[in-house]
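Count along the sequence shown from 1, add 196, and you get the number used in my numbering.
Okay, structure first, notes after.
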Amino acid sequence: MLLLHGYGSHEKDLLSLAEHLPQEGITYAGMRAPQPVGTQFSADATGTHIPDEAIGYQWYPLDQQLNADVRTIEQASDYVLEWVEQHESHYASVALVGFSQGMAVATSMVRHRPGKFAALVGLSGYAVESDSPYFKDDELKATELPVFFGRDQEDPIIPQPFVDYTYEWIRAYTDGIKVLYAGAGHGVSALEIRHVGEFIDVKVLGNAPRIRAEKVTDAADNAGVPEQESAD
197 MLLLHGYGSH EKDLLSLAEH LPQEGITYAG MRAPQPVGTQ FSADATGTHI PDEAIGYQWY
257 PLDQQLNADV RTIEQASDYV LEWVEQHESH YASVALVGFS QGMAVATSMV RHRPGKFAAL
317 VGLSGYAVES DSPYFKDDEL KATELPVFFG RDQEDPIIPQ PFVDYTYEWI RAYTDGIKVL
377 YAGAGHGVSA LEIRHVGEFI DVKVLGNAPR IRAEKVTDAA DNAGVPEQES AD
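See the structure below:
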């Protein structure tokens, strides 16, 4: 299970959640984003990795509205895919967890390489809206990829158009569920971690299901989804 952190963070951040997730039959790995936070976009860049030490890191440059050049997102996705391909032979399957900007990278990876990943967990993030041929959504649809998307409806960071597109993408191209967590803000709640653990237990490890969450049925209808759902 590869964990991709958010903008300005580091590889140990999401790993702190791993102790609350299933432990038997699974390995968790955290990967550091390739650029020091604040690195600006350069049209001349040929790669994504900038090997400088920093307090926090980014997967790709963002402006103040969280917009990015799609080429930098594709480069970040390829950067992680290369790492996965170097290590995946040691494991039966690979699944992804992405928080915030890390979710944008994780969704880009599964869209570029349909069928490669067992499942995707997205937390307080988004999928990138683009008509780039890099994103093979029609091929992805055929794989019925299990996706869990958790967020707070009042998340102050991710723009609503990004969220709306993400709902639409999950509904159209994946076997996805979304759950809203009141009070989580741009973060992860204890109940959300519990639900993520149960999703992993079922969709990655193949154990009997316990979680009950609604499929994404309407990208524009947030009110139709409970803010919290019991996993009992």
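We put the beta carbon where it would ideally sit given N, CA and C, even for glycine.
Just so you know, these numbers come straight off a predicted model, no measurement behind them.
Closest Cα partner of residue i within the set the options
i: Y275; options: P218, R228, V359; result: R228
i: V293; options: P405, F395, A386; result: F395
i: Q330; options: R267, L210, Y203; result: It is worth fixing the name first, because residue 330 is Tyr in this sequence and not Gln. Measuring from the Cα of Y330, the nearest candidate turns out to be R267.
i: F345; options: T339, T303, K332; result: T303
i: Q254; options: A264, P232, E278, Q236; result: P232
i: L211; options: L376, I222, G226; result: G226
i: V280; options: V375, K332, L199; result: L199
i: G372; options: V317, P352, G393; result: V317
DSSP bridge partner residues for residue i (one or two, in chain order)
i: G294; result: L200, G318
i: Y253; result: S205, P232
Buried/exposed call for residue i, threshold 16 Cβ in 10 Å
i: G311; result: exposed
i: P357; result: exposed
i: A378; result: exposed
i: A315; result: buried
i: E270; result: buried
i: T370; result: buried
i: A338; result: exposed
i: D327; result: exposed
i: H391; result: buried
i: G402; result: exposed
i: P257; result: buried
Beta carbon proximity, residue i to chain D, threshold 9 Å
i: Q349; result: Within the model displayed, chain D is absent; a lone protein chain is all it includes.
Euclidean distance between Cα positions of residue i and residue j
i: S385; j: S285; result: 33 Å
i: G321; j: T362; result: 9 Å
i: L484; j: Y203; result: Residue 484 lies beyond the stretch modelled for the chain, which goes from 197 to 428, so this question has no answer here.
i: A272; j: E220; result: 30 Å
i: D334; j: W365; result: 11 Å
i: A404; j: D259; result: 43 Å
i: E325; j: M305; result: 14 Å
i: L336; j: A250; result: 35 Å
i: A444; j: Q349; result: Given that the chain is displayed from residue 197 to residue 428, the structure contains no residue 444 and the question cannot be resolved.
i: S289; j: T235; result: 33 Å
i: K399; j: I354; result: 27 Å
i: I407; j: D265; result: Only weak support exists for where I407 lies, its pLDDT of 49 falling under 50; the coordinates are left without a value.
i: A323; j: G393; result: 22 Å
Residue i and residue j closer than 9 Å at C-beta
i: F295; j: D209; result: yes
i: G298; j: H201; result: yes
i: H216; j: I389; result: yes
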